[in-house]
Amino acid sequence: MLTLKLINEETERVIRGLEKKHFPNAKEAIENVLAVDKKRREAQQELDKSLNEQKQLSGQIGRLMKEGKKDEAEQVKAQVAALKEKSKEMDEQMAKAQEEMTTLLCQIPNIPYDEVPEGRAAEDNHVVKSNLRECKEGDTVGNWDVNPSLGIQNPLPHWELAKKYNLIDFDLGVKITGAGFPVYIGKGAQLQRALINFFLAEANKAGYTEIMPPTVVNAASGYGTGQLPDKEGQMYHCEVDDFYLIPTAEVPVTNIYRDVILDEKDLPIKNCAYTECFRREAGSYGKDSRVIRRCWST
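Numbers 0 to 297, taken from numbering that gives the first Met the number 0, label the letters of the sequence shown in order.
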C-alpha cells in the first residue's frame, strides 16, 4: 500500500508511476485520496481544538462552584456538554474519513520501479539475462548463461512422463474435484512428500524457523498481504465464518508480524512453512504450456 507521506510529498511521481502501470484514472484516484486525507486532518484539528476547550472550561467549573457562582458554573457545564457533542461528531467524521481513505488506498497498486519499462504485452519486456549456450563439463547449476541439456534425444515432457509411469492422474482429479486438481500416485506422491521434506530441511539448515500455520485466515490477514480487496475472485471464501482459504503459505506467515513493530536488532527474521494452497489460477490449462498448477508452497 502506498503511504500518505509518499502521496503527499511526491504526488506527481506517484501519478506518473500509476499511469506507467496503466492504472485507470490515476490522477483522479490520487486526488480523491488527498481530498479525503484533508477532510480527515481538518476533523482532527477540530477535535483537538474542542478537546482543548473542554479541558479549559472544565477547570473553571470547580472554581466557580467554590466561589458560589452556581449559575455561571451551570452555563460552563452547558458549554462543555455542547463541546462533547461536537467532539463526538468530529470523531465520527474522522473514523468515516479514515475508513474511506483505507478503502481507496487498498485499491491503488504500488508504483513500478523507475527502471521498469512501460509496456502492455510480453513483447515489451527487456531481456536482462538469457540462457545462451548448452551446458558443458564444469558448469554448475545456477549459471545464468547455461542452457541445461538432458543428454538424451527426444526427451518426453512431464505430462507424458507422468502418464507413462503412472505418477499423476489428471483425469482422476477431474472426477474427484474438477480441472486443475491432479491426483499424485505412487512414486509421484512420494516425490511430492520428498520435495516438501527436502526444501524444509534445506531452509532449516539455512537458519529458517519452520512454521506450521493455519490454512484459513480472516479478512484482516487477506488485507495484510494484499489479497484483499481486489483478489477475492482468486480465493475460496468460507462465508459462514468469513474466513478465506490461503492461496499461499506467505499469507499466514507474513501476518504473524501484522501490526507488530519489530526492533532492528531482531532482523532479519527468517521463517519457512509448508501448506496446501487454495486459489483459482488465471488462464486455462494448456493455453501457453501444460503446467501443473501449484498446490503447495514453502
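Glycine included, every Cβ here is placed at the ideal spot set by N, Cα and C.
Model, not experiment: these values are computed from the prediction.
Helix, strand or coil at residue i according to DSSP, with G and I counted as helix
i, result
"Glu71", "helix"
"Ala365", "Residue 365 is absent from the model: the chain starts at 0 and stops at 297."
"Glu91", "helix"
"His236", "strand"
"Phe242", "strand"
"Glu209", "strand"
"Met0", "coil"
"Lys128", "coil"
"Ile110", "coil"
"Glu66", "coil"
"Gly118", "coil"
"Arg12", "helix"
"Lys20", "coil"
"Lys279", "The residue you asked about is not Lys; residue 279 is Arg in the sequence shown. Of the three classes helix, strand and coil, the one that applies to Arg279 here is coil, per DSSP."
"Leu149", "coil"
"Val79", "helix"
"Ala28", "helix"
"Asp123", "helix"
"Pro156", "coil"
"Arg39", "helix"
"Ala248", "coil"
"Leu261", "coil"
"Leu266", "coil"
"Leu5", "helix"
"Asp287", "No answer about Asp287 holds up, because its pLDDT of 48 lies below 50 and its placement is not dependable."
"Thr297", "Bear in mind that the predicted position of Thr297 carries a pLDDT of just 49, short of 50, making it unreliable; the figure below should be weighed with that in mind. In the structure shown, Thr297 sits in coil (DSSP, three-state: anything other than H, G, I, E or B)."
Expected contact under 8 angstroms - CB spacing of residue i and residue j to nearest Å
i, j, result
"Lys26", "Ile110", "Not confirmed; about 13 angstroms, so no contact."
"Ala42", "Met89", "5 angstroms"
"Gly223", "Thr253", "7 angstroms"
"Glu209", "Ala272", "7 angstroms"
"Tyr207", "Asn270", "6 angstroms"
"Arg39", "Met93", "6 angstroms"
"Gln233", "Arg278", "5 angstroms"
"Tyr183", "Ile167", "6 angstroms"
"Asn31", "Leu103", "6 angstroms"
"Pro108", "Phe22", "6 angstroms"
"Leu5", "Val13", "6 angstroms"
"Asp47", "Met100", "Not a contact, Cβ separation roughly 19 angstroms."
"Gln53", "Lys83", "7 angstroms"
C-beta neighbour in chain B for residue i, strict 8 angstroms
i, result
"Ile245", "Annotation note: the requested chain B is absent from the structure, which comprises a single protein chain."
Could you tell me which whole alpha helix (DSSP H) segments of length 4 or greater appear in the region 158–231?
The qualifying runs are 169–175, 186–204, 218–223.
Tell me, please, whether the region 78–85 touches the region 54–61 by the rule of three or more beta-carbon pairs shorter than 8 angstroms.
Yes, the region 78–85 is in contact with the region 54–61.
Is the region 164–184 close to the region 233–253, with three or more CB pairs under 8 angstroms?
The region 164–184 is not in contact with the region 233–253.
Would you be able to state if there are at least three C-beta pairs under 8 angstroms between the region 216–234 and the region 254–262?
The way I'd put it, the region 254–262 does touch the region 216–234; three or more beta-carbon pairs between them come closer than 8 angstroms.
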